[in-house]
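> Quick note on UniProt numbering: the sequence shown kicks off at 1 and runs consecutively.
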Amino acid sequence: EKEFFVNKHVPQKSVSLDGAIVAPGFIDIQINGGFGIDFTYDLMNKPEGLSKVAKGILTHGVTSFCPTIVTSKAEVYHKVLPLLEAKVGGLHGAEVLGAHLEGPFISPEKKGAHCIDDIQDLTDGVETLKSVYKHTDNIRIVTLAPERRNSLEVIQWLTRESEICVSLGHSMADINVAVEAIKKGAKLITHLFNAMPPFHHRDPGLVGLLGLGTKTPVYYGIIADGIHTHEAALRAAYKSHPKGVILVTDAISAMGLEDGTHHIGKKTININNKSAYIAGTTTLCGSVATMNESVRYFRNAVGCSTAEALEAATLHPAKVLGLTSYKGTLEYGTDADFVVLNDDLDVISTWIGGEMVFSK
Numbered sequence: 001e002k003e004f005f006v007n008k009h010v011p012q013k014s015v016s017l018d019g020a021i022v023a024p025g026f027i028d029i030q031i032n033g034g035f036g037i038d039f040t041y042d043l044m045n046k047p048e049g050l051s052k053v054a055k056g057i058l059t060h061g062v063t064s065f066c067p068t069i070v071t072s073k074a075e076v077y078h079k080v081l082p083l084l085e086a087k088v089g090g091l092h093g094a095e096v097l098g099a100h101l102e103g104p105f106i107s108p109e110k111k112g113a114h115c116i117d118d119i120q121d122l123t124d125g126v127e128t129l130k131s132v133y134k135h136t137d138n139i140r141i142v143t144l145a146p147e148r149r150n151s152l153e154v155i156q157w158l159t160r161e162s163e164i165c166v167s168l169g170h171s172m173a174d175i176n177v178a179v180e181a182i183k184k185g186a187k188l189i190t191h192l193f194n195a196m197p198p199f200h201h202r203d204p205g206l207v208g209l210l211g212l213g214t215k216t217p218v219y220y221g222i223i224a225d226g227i228h229t230h231e232a233a234l235r236a237a238y239k240s241h242p243k244g245v246i247l248v249t250d251a252i253s254a255m256g257l258e259d260g261t262h263h264i265g266k267k268t269i270n271i272n273n274k275s276a277y278i279a280g281t282t283t284l285c286g287s288v289a290t291m292n293e294s295v296r297y298f299r300n301a302v303g304c305s306t307a308e309a310l311e312a313a314t315l316h317p318a319k320v321l322g323l324t325s326y327k328g329t330l331e332y333g334t335d336a337d338f339v340v341l342n343d344d345l346d347v348i349s350t351w352i353g354g355e356m357v358f359s360k
């Protein structure tokens, strides 16, 4: 505002949007891949795969993201993490914010689609974590189960010494352990309701963290694809803690591909009508939803305003990662990453740094 009304500067270019919605660019903090690329299993042989996904998600309005690596053996982290350094976005693709490591320090009982043979204990605490990951500079988020041995000391080290966001998930933790984890510095829950015990009135577990109130802000990722989380559960979570909701796609390599049989590392998955299951089972294996589809579904499911739904994919993820000085809003001085949408939340165009990087 100062530039226009005080300094009297004029814009270099005027763009007519014909009444379309302008929102901050979407931030996806949990995405496993897409367009035939899986970040965990493919990047070692196809490092260009990261760019392929980064370019593809521009069509969904995503301007920055955290490529997510699922539970793996140490050698996978040693090879893949160096490829996931932060990278500014542009015509080449969405900005890479750093890696989200979903494992391997999770609960075998709540492994979901993760490989049980690759789950590890934090036997020597921080030293084990350093040995398994090796490269910590490129890590933005770590998902772990706080009830596992030495997890609480690791949470404290990650959040206070390394400034890495810790998310609680794939966990059997009771509410007491969950609260202790928050006190140690964790501030996020990974895909709420999925890979954790259901809410129980005597021990609400991780879900109970939504009841902590405003004194201890907790954020929660949630998959709003119409498959992973029922509409009633979405509404219950949102009504309980509207300022903490973060929409994540949890998209897998089959996102952007046709229905059929696909392979993710060692697993065969079947995609049918937006559902992804491990072949021969009823175990969900991530999502194939896009971020703009998730925002649309969430808005319709919970009955919130368009602005509130958009905040769940913009402002809230920026807040949990401490990025609001330059992402997640349209305030003066931010990165000028934004998405133009119609009323149905279809993407018309995507902009990074004030430059149009996708147009329908």
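Just so you know, even glycine gets a beta-carbon here, dropped at the ideal spot from N, CA and C.
Just so you know, these numbers come straight off a predicted model, no measurement behind them.
1. Ignoring anything shorter than 4 residues, give me the alpha helix (DSSP H) runs that lie fully in the region 247 to 306, in order along the chain.
2. Among residues of its own chain, excluding the 5 on either side of Thr268, which ones have a beta-carbon nearer than 7 Å to its beta-carbon?
3. Do Gly322 and Gln30 come within 8 Å of each other at the CB atom, strictly closer than that value?
4. Would you kindly report the start and end of the unbroken beta strand (DSSP E) that includes Pro24?
5. Could you spell out the range, first to last residue, of the beta strand (DSSP E) harbouring Ile227?
6. Hey, which unbroken runs of the beta strand (DSSP E) at 3 residues or more fall wholly within the region 9 to 77?
7. Report the residue from Ala312, Phe338, Asp343 whose alpha carbon sits nearest the alpha carbon of Leu58.
8. Please confirm if the region 317 to 333 is in contact with the region 290 to 303, defined as three or more CB-CB distances below 8 Å between the two stretches.
9. Quick check on the burial criterion: 16 or more other C-beta atoms within 10 angstroms. Buried or exposed for Ala178?
10. Using the rule of at least 16 other Cβ atoms within 10 Å of the residue's Cβ for burial, across every protein chain shown, is Thr216 buried or exposed?
11. Determine the contact status of Lys184 and Leu152, defining contact as a CB-CB distance below 8 Å.
12. Short of 6 Å in beta carbon distance, which residues of its chain neighbour Ala54, apart from the five on each side in sequence? Order them along the chain.
13. Should Val70 and His114 be called a contact, given that it needs their Cβ atoms to be closer than 8 Å?
14. For Glu180, report the span of its alpha helix (DSSP H) as first-last.
15. Please confirm whether Leu168 and Tyr133 have their CB atoms less than 8 Å apart.
16. Is the distance from the Cβ of Leu91 to the Cβ of Val340 below 8 Å?
17. Can you grab the Cα-Cα spacing for the pair Asp259 / Ala276, in whole Å?
18. Between Pro67 and Leu81, how many whole angstroms is the CB-CB distance? I'm expecting something under 8 Å.
19. How is Arg148 classed by DSSP in three states: helix, strand or coil?
For this structure:
1. 291 to 302
2. Excluding the 5 residues flanking it on each side, Thr268 has same chain C-beta neighbours closer than 7 Å at Thr261, Ala279, in chain order.
3. no
4. Segment 21 to 24, the beta strand (DSSP E) holding Pro24.
5. Premise fails: Ile227 is in no beta strand (DSSP E) and is neither H nor E.
6. 21 to 24, 26 to 31, 62 to 70
7. The shortest C-alpha separation from Leu58 is found at Phe338.
8. no
9. buried
10. exposed
11. yes
12. Gly93, Ala94
13. In this structure, the beta-carbon distance from Val70 to His114 falls below 8 Å.
14. 175 to 184
15. no
16. No, they are not a contact pair.
17. For Asp259 and Ala276, the distance between alpha carbons rounds to 9 Å.
18. Actually they do not touch by this definition, with Cβ atoms about 10 Å apart.
19. coil
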